[in-house]
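There are 2 protein chains.
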Amino acid sequence: MHVSEAEWTDIEKKIARTAFDQAYKREIEALLKQVQKEASTLVELDGLWQLHDFLSARRHEIEGKYDYQYSALLFVFAGLVKDGWLHVNELEGLSKDKLSKVSALARM
Amino acid sequence: MHVSEAEWTDIEKKIARTAFDQAYKREIEALLKQVQKEASTLVELDGLWQLHDFLSARRHEIEGKYDYQYSALLFVFAGLVKDGWLHVNELEGLSKDKLSKVSALARM
Numbered sequence: 001m002h003v004s005e006a007e008w009t010d011i012e013k014k015i016a017r018t019a020f021d022q023a024y025k026r027e028i029e030a031l032l033k034q035v036q037k038e039a040s041t042l043v044e045l046d047g048l049w050q051l052h053d054f055l056s057a058r059r060h061e062i063e064g065k066y067d068y069q070y071s072a073l074l075f076v077f078a079g080l081v082k083d084g085w086l087h088v089n090e091l092e093g094l095s096k097d098k099l100s101k102v103s104a105l106a107r108m
Numbered sequence: 109m110h111v112s113e114a115e116w117t118d119i120e121k122k123i124a125r126t127a128f129d130q131a132y133k134r135e136i137e138a139l140l141k142q143v144q145k146e147a148s149t150l151v152e153l154d155g156l157w158q159l160h161d162f163l164s165a166r167r168h169e170i171e172g173k174y175d176y177q178y179s180a181l182l183f184v185f186a187g188l189v190k191d192g193w194l195h196v197n198e199l200e201g202l203s204k205d206k207l208s209k210v211s212a213l214a215r216m
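Residue numbers (my numbering), protein chains in the order written: chain G, 1 to 108; chain W, 109 to 216.
This is the structure:
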């Protein structure tokens, strides 16, 4: 499933970058809102440490996930589609082969 | 400066426990308010990760600091006085020797 950079046309690269940035923006905005909401209801230390644990996990996940490498991009897109941060329609313009790989991976 | 449990009278133990719990309550309430305030102004991911770093440091500090051991209690009280979570007056009833140790340590 690995696709090297050479297999991406310039147009595909633009589409991919736009989709990637859009998904990132959506996920980060949602995360910020969620943290604000959870922080606003904090009444005890246990809840604060739960928020800390949550942030530790999300930071690790996000820093790993949004690493822009062409070789891993179809996996990243599949995960973003699966998690609802990206619609497969937003990848239109990629080759049929890439799109079907993303769709197949997203269903796993 | 270490003072074993045997050197605390029952009355001193009650005074110490009340002071300890009061300082803990104050510090935790202040921390919760601070986190709520900082979370409410979050607009980007960098700020969120700064909040995460802050929570990591505070968690480590608080979990270490509020360990109730008679042998370390005068150091703990001195730190709490120094940081403004406890007033030395709230320790009245402890022996003069203990009070002067707390006051001296708090000035260091």
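A virtual CB, placed ideally from N, CA and C, is assigned to each residue, including glycine.
Item, Value
"Contacting positions in the segment 39-55 of chain G - beta carbon closer than 8 angstroms to chain W", "A39, S40, L42, V43, E44, L45, L48, W49, L51, H52 and L55"
"Integer Cβ distance of I15 (chain G) from G93 (chain G), believed to fall under 8 angstroms", "4 angstroms"
"Buried versus exposed call for A6 (chain G) [16 or more other C-beta atoms within 10 Å across all chains shown]", "exposed"
"Under 8 angstroms (Cβ pairs) to chain W, residues found in the segment 80-106 of chain G", "none"
"contact_flag[the segment 179-186 of chain W, the segment 53-73 of chain G] where n(CB pairs < 8 angstroms) is 3 or more", "no"
"Interface residues of chain W facing R26 (chain G) [CB-CB closer than 8 angstroms]", "Result: empty, since nearest Cβ-Cβ is about 13 angstroms, beyond 8 angstroms."
"Enclosing alpha helix (DSSP H) for T149 (chain W) [first to last residue]", "Taken as a continuous stretch (DSSP letters only), T149 (chain W) belongs to no alpha helix (DSSP H), as it is neither H nor E."
"Reduced DSSP category for L156 (chain W) - H, G, I as helix; E, B as strand; rest coil", "helix"
"V3 (chain G) at chain W interface by Cβ criterion, 8 angstroms", "no"
"Partner residues on chain W for R59 (chain G), Cβ-Cβ distance less than 7 angstroms", "W157 and H160"
"Rounded C-alpha distance that separates V189 (chain W) from I119 (chain W)", "21 angstroms"
"Of the listed residues G:D21, G:S95, G:D53 and G:R26, nearest to W85 (chain G) (C-alpha basis)", "G:R26"
"Any non-hydrogen atom of the ligand FAD within 7 angstroms of K14 (chain G) CB", "Judged by which ligands are present, the structure shown has none, so any question about the ligand FAD falls away."
"Test: V35 (chain G) CB closer than 8 angstroms to a CB of chain W", "yes"
"Below-8 angstroms beta-carbon distance, L74 (chain G) vs any chain W residue", "no"
"L105 (chain G) in three-state terms, based on DSSP", "helix"
"Per DSSP, cross-strand counterpart(s) of E12 (chain G)", "None, per the DSSP bridge assignment."
"Presumed contact (8 angstroms Cβ cut-off) between L48 (chain G) and V143 (chain W), rounded CB distance", "6 angstroms"
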